[in-house]
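Everything on this sheet refers to the single structure shown next.
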């Protein structure tokens with residue numbers, strides 16, 4: 001294995017002029033992180049904070065095995081956020097949808113874009129033929145910037161619902177398997 005392959009493993013550590021960013025499988029102890037990510041500021045583009053019982057349900061779903069996976073994002077071993085991928089039927093195809101959330105103290109440092117690249121590689125390890133998609137609201141500049149920096153291509157605008165029953169206008173960002181970024 002070359003030094004580049006070792007330093008830029010498929011889901012392993014990612015070094016980018018500074019901290020090491022890793023994805024760790026979601027664990028029972030990560031509920032406290034989920035609570036921190038559930039603040040009004042962190043959920044402003046997602047319909048606001050969830051009540052505790054719904055947050056517990058979300059945490060339990062994150063722990064279940066399935067086609068998708070959730071991860072704790074760590075920066076130099078410190079929990080910094082979450083990232084994951086899950087199946088979504090979109091445009092007549094099954095795609096991997098990805099999403100992330102990074103705590104304020106770690107924002108603006110390339111953490112989310114590194115995590116988005118790493119989670120795309122993790123999704124392709126499960127099914128490498130699927131498109132990876134992200135759907136941030138059109139007015140969510142930070143998440144749209146993450147998509148751009150992570151190598152996603154802007155496809156256009158789409159109307160979706162989130163939370164269910166609440167219409168939102170999103171940008172459709174795609175990362176295709178043949179344009180796979182390195183995890184690093």
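In UniProt numbering, the protein residues as written are 1 to 184.
Cβ atoms here follow ideal geometry from the backbone N, Cα and C, with glycine treated the same way.
A Cβ-Cβ distance of about 14 Å is found for the pair residue 71 and residue 28, leaving them out of contact under the 8 Å criterion. By a beta-carbon distance limit of 8 Å, residue 59 contacts residue 31. Their separation comes to about 5 Å. Separation of the CB atoms of residue 111 and residue 75 is rounded to 6 Å, and the pair is thereby assigned contact status at 8 Å. According to DSSP, residue 172 shares a beta bridge with 156. Beta-bridge partners assigned by DSSP to residue 86: 97.
In this structure, residue 133 keeps its C-beta atom at 8 Å or more from the C-beta atom of residue 100. Residue 105 carries a helical assignment under DSSP once its states are collapsed to helix, strand and coil. Membership of residue 54 in the alpha helix (DSSP H) is indicated by the continuous run 52 to 63. Within the same chain, 101 come within 7 Å of residue 42 by CB-CB distance, once the 5 residues on both sides are set aside. Taking each of 45, 81 and 37 in turn and checking the Cα distance to residue 161, the smallest one comes out for 45. Per the C-alpha coordinates, the member of 83, 146, 93 and 56 positioned closest to residue 109 is 146.
Taken through DSSP and simplified to helix, strand or coil, residue 47 comes out as coil.
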